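Quick notes on the structure that follows.
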Amino acid sequence: MIEFKDVSKTYQAKEGPVKAITDVNLTIPDGKIYGIVGYSGAGKSTLIRMLNGLETPTTGKVTVNGQNVSELSGQRLREERLQIGMIFQHFDLLWSRTVLENVEFPLEIAKKGNKKERQKKAEELVKLVGLQGRENAYPSELSGGQKQRVGIARALANDPKILLSDEATSALDPQTTDEVLELLLDINHRLGITIVVITHEMHVIRKICDHVAVLDAGRIVEEGPVLDVFKHPQQAITKRFVNQETSTGSAQDTKTVVQQLLASHPDGVIVKLTFHGDQAKLPIVSEMLRQFPEVDMSIIEGNIHQTTEGSIGSLYIQLEAEQGQQKQIQGALDYLNTMRVETEVINSEQQ
Amino acid sequence: MNNNSFASFFQFSNVNWPKMWEATWETIWMTVVSMILVAILGLILGLILFETRKRTSIWARIINWIVAALVNVFRSIPFIILIVLLLPATQAMVGTIIGPRAALPSLIISAAPFYARLVQIAFDDLDHGVIEAAKAMGATNWQIVTKVLIPESKPALVSGLTVTAISLIGYTAMAGAIGAGGLGNLAYLDGFQANNNAITMMATIIIVIIVFVFQFIGDYTVKRIDKR
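So the sequence lines, in the order shown, correspond to chains A and B. Read in order, the letters of the first sequence are residues 27 to 377 in this note's numbering. Read in order, the letters of the second sequence are residues 572 to 799 in this note's numbering.
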């Protein structure tokens, strides 16, 4: 288990003290993938570096595997670090070593086994991350995704209990990002290792994380299971992050269309429906139309996304009814609510 | 032989070859021996400069200040003056002020600070992320030096050493002029002072060849070890 207790960090800059982290309290359970999302400068890197003592908190306590990391130093700290693997945005491989030698590096540091045993262990890890055949290549001969695979193999060399991922996919293209995320997920399932991920991409959170914390200006502003946060983002910044991921890049277009429809059809009702889990796969909307035949519906925009805990979909629709049948619309919305579909009526003020 | 015509530079029949080869050997010996010692000393000094520069402890600052001051002072003394200044020290250390061995202290003291700066620059140029990664893996400072700093900056260390070795060859010629032996000595005494231009010419050609060979070996080594 990892625990941050009342952790704050203040840097002494030339212009005066700068507060990087303020009163962070977090508990990260074993075996989970925990994401910390925030914009650059929010303090993510500082926070994750406290877990292996590369940074120390000014006040508060960081506990990893029952050890207060911020109190360790010298040999004890180095031993603790062997238990914590880390991967980096720019991979940080040794270019003078081959793939295999890079993976052997942490074993040499830990002074584990002889040359032959280290080599054997490294070969297994290279295989685990899917790089067999490239053992003797140098990092300069690898693609970004392959380099990060080496980074992951290297981070796993000393059988750590925790893997820290510092923007590990931020330098990769979307396709490669997904491949690396799959690998991390696979490692989490196979080895049961706790993974702490920091990122500025909600995509990463959605793809692999169980829990997420949103960091804004050094404070945790929101925290919870990924699906909950996606369904009910509380803070404005969280909504921005969720929108960045759930809207299909057309948020602005949707807004414009909604605006136009509101103006041209003042009697119509525009509703945002949110489906999760199995509802996303049921024909709820067509059932609604059958039950309320007086209601006309037009679809504005819709999408669906997969998270580790299930799918989450959203649908923007416009509902209209003949004069005198307005009650039907309310009935349709009530029906949706009984089917546990969330409805949010959008009116012009919200725009 | 009292002849200053252009042709006199090429009357190689006037060259005493056994003496020429002996001088060549002395030059190579001075260069190689001082180069090895400069490499070791420069590496240590460069490492001290690199390691103490970013630390905040008072001791690190004092050490950095002292080493940086020594390096800068010895780097700025003209070589020919340094030899003269070091004559008493050379006498005490080597037991003589004549011959190739006597040239070593001044060669090393003038070239090591130069190389130390190149070593420090090579370390500074390394990606800081790699050092942090090693730290995150639990590496000791010594492991970082031997497994990260030195191997990762090897091409820069070797090309720096090549540059240093070539200026050392130039220094050996200067040292030769005041009695250290080698090609510089031969060119000065038997060539210039005895007015035997062919010897000056031949010594020059051999020195140029030595420089070329060093440069070639350096370039080739860098190319082979640079996997970036």
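Think of the CB as a built atom: it goes at the ideal place given N, C-alpha and C, for glycine as much as any other residue. Only a predicted model underlies this, so the values are computations on that prediction, with no experimental measurement involved.
Check: Please list, in chain order, all residues of the same chain as Ala683 (chain B) whose beta carbon is under 6 angstroms from its beta carbon, the five residues on each side excluded.; Outcome: Val609, Leu612 and Gly613
Check: Please name the residue, chosen from B:Ile679, B:Thr627, B:Val784 and B:Asp695, that lies closest to Phe650 (chain B) on a Cα-to-Cα basis.; Outcome: B:Ile679
Check: Using 9 angstroms as the threshold, is the C-beta distance between Val719 (chain B) and Val690 (chain B) below it?; Outcome: no
Check: Give me the Cα-Cα distance between Arg624 (chain B) and Asp695 (chain B), rounded to the nearest whole angstrom.; Outcome: 10 angstroms
Check: Use the C-beta contact count for Arg216 (chain A): other C-beta atoms within 10 angstroms, 16 or more gives buried, fewer gives exposed.; Outcome: exposed
Check: Could you tell me whether the Cβ atoms of Ala769 (chain B) and Phe583 (chain B) are closer together than 9 angstroms?; Outcome: yes
Check: Counting only the same chain and skipping the five closest in sequence on each side, list residues whose C-beta sits under 7 angstroms from that of Met572 (chain B).; Outcome: Because Met572 (chain B) carries a pLDDT of 46, less than 50, the predicted location of this residue cannot be relied on, and no value is offered for it.
Check: Kindly indicate which three-state DSSP category Glu81 (chain A) falls into: helix, strand or coil?; Outcome: coil
Check: From Ala687 (chain B) to Ile637 (chain B), what does the alpha carbon distance come to, in whole angstroms?; Outcome: 14 angstroms
Check: Going along the chain, which unbroken runs of the alpha helix (DSSP H) with 4 or more residues stay wholly within the segment 43-96 of chain A?; Outcome: 70-75
Check: Does Lys725 (chain B) come within less than 9 angstroms of chain A when only Cβ atoms are used?; Outcome: yes
Check: Which one of A:Pro200, A:His291, A:Ala181 and A:Thr53 has the shortest CA to CA distance from Val152 (chain A)?; Outcome: A:Ala181
Check: Using 10 angstroms around the beta-carbon of Ile776 (chain B), count the other beta-carbons present and answer buried if the total reaches 16, otherwise exposed.; Outcome: exposed
Check: Verify whether the separation of the beta carbon atoms of Ile28 (chain A) and Ile54 (chain A) is less than 9 angstroms.; Outcome: yes
Check: Between Lys40 (chain A) and chain B, is any beta-carbon pair separated by less than 9 angstroms?; Outcome: no
Check: Bridge partners of Asn585 (chain B), per DSSP?; Outcome: DSSP lists no partner for Asn585 (chain B).
Check: Taking 6 angstroms as the limit between beta carbons, can you name the residues of its chain near Phe301 (chain A), skipping five residues before and five after?; Outcome: Gly339 and Val367
Check: Based on the DSSP secondary-structure assignment, which residues constitute the bridge partners of Thr333 (chain A)?; Outcome: A:Gly336
Check: Which residues, in order along the segment 696-718 of chain B, keep a beta-carbon less than 8 angstroms from a beta-carbon of chain A?; Outcome: Asp698, Gly700, Val701, Glu703, Ala704, Ala705, Lys706, Ala707, Met708, Gly709, Ala710, Thr711, Gln714 and Lys718
Check: List the residues of chain B whose Cβ lies closer than 8 angstroms to the Cβ of Asp118 (chain A), in chain order.; Outcome: Asp698, Gly700, Val701, Glu703 and Ala704
Check: With 16 as the cutoff for other CB atoms within 10 Å, does Arg799 (chain B) come out buried or exposed?; Outcome: exposed
Check: Quick one: what does DSSP say Leu678 (chain B) is sitting in, helix, strand or coil?; Outcome: helix
Check: So within the segment 295-377 of chain A, which uninterrupted alpha helix (DSSP H) runs reach at least 4 residues, ignoring any that extend past its ends?; Outcome: 310-317 and 352-364
Check: Could you have a look at Val230 (chain A) and say whether DSSP puts it in helix, strand or coil?; Outcome: helix
Check: Give the interface partners of Lys798 (chain B) over in chain A, defined as CB-CB distance under 7 angstroms, in chain order.; Outcome: Trp121, Ser122, Tyr164 and Ser166
Check: Check whether the Cβ atoms of Ile219 (chain A) and Gly79 (chain A) sit closer than 9 angstroms, and answer yes or no.; Outcome: no
Check: Using 10 angstroms around the beta-carbon of Gly415 (chain A), count the other beta-carbons present and answer buried if the total reaches 16, otherwise exposed.; Outcome: No answer is possible for residue 415 (chain A): it lies beyond the span of chain A, which begins at 27 and ends at 377.
Check: For a test of the three-state rule: what should DSSP assign to Gly170 (chain A), helix, strand or coil?; Outcome: helix
Check: For Tyr60 (chain A), count neighbouring Cβ atoms within 10 angstroms of its own Cβ and tell me buried if that reaches 16, exposed if not.; Outcome: buried
Check: Is any beta-carbon of chain A found at less than 9 angstroms from that of Pro589 (chain B)?; Outcome: no
Check: Using a C-beta cutoff of 9 angstroms, does Val793 (chain B) count as contacting chain A?; Outcome: no
Check: Cβ of Ala108 (chain A) less than 9 angstroms from any chain B Cβ?; Outcome: According to the sequence provided, residue 108 (chain A) is Leu. The question's Ala does not apply to it. For Leu108 (chain A), the answer is yes, since a Cβ of chain B falls inside 9 angstroms of its Cβ.
Check: Who are Thr667 (chain B)'s beta bridge partners in DSSP?; Outcome: Beta-bridge pairing links Thr667 (chain B) to no other residue.
Check: Which of the residues in the segment 659-680 of chain B, read from start to end, lie with their CB under 9 angstroms from any CB of chain A?; Outcome: none
Check: Reducing DSSP to helix, strand and coil, say where Asp8 (chain A) ends up.; Outcome: Because chain A in this structure spans residues 27 to 377, residue 8 (chain A) falls outside the shown range and cannot be described.
Check: How many angstroms separate the CA atom of Ala674 (chain B) from the CA atom of Gly617 (chain B)?; Outcome: 23 angstroms
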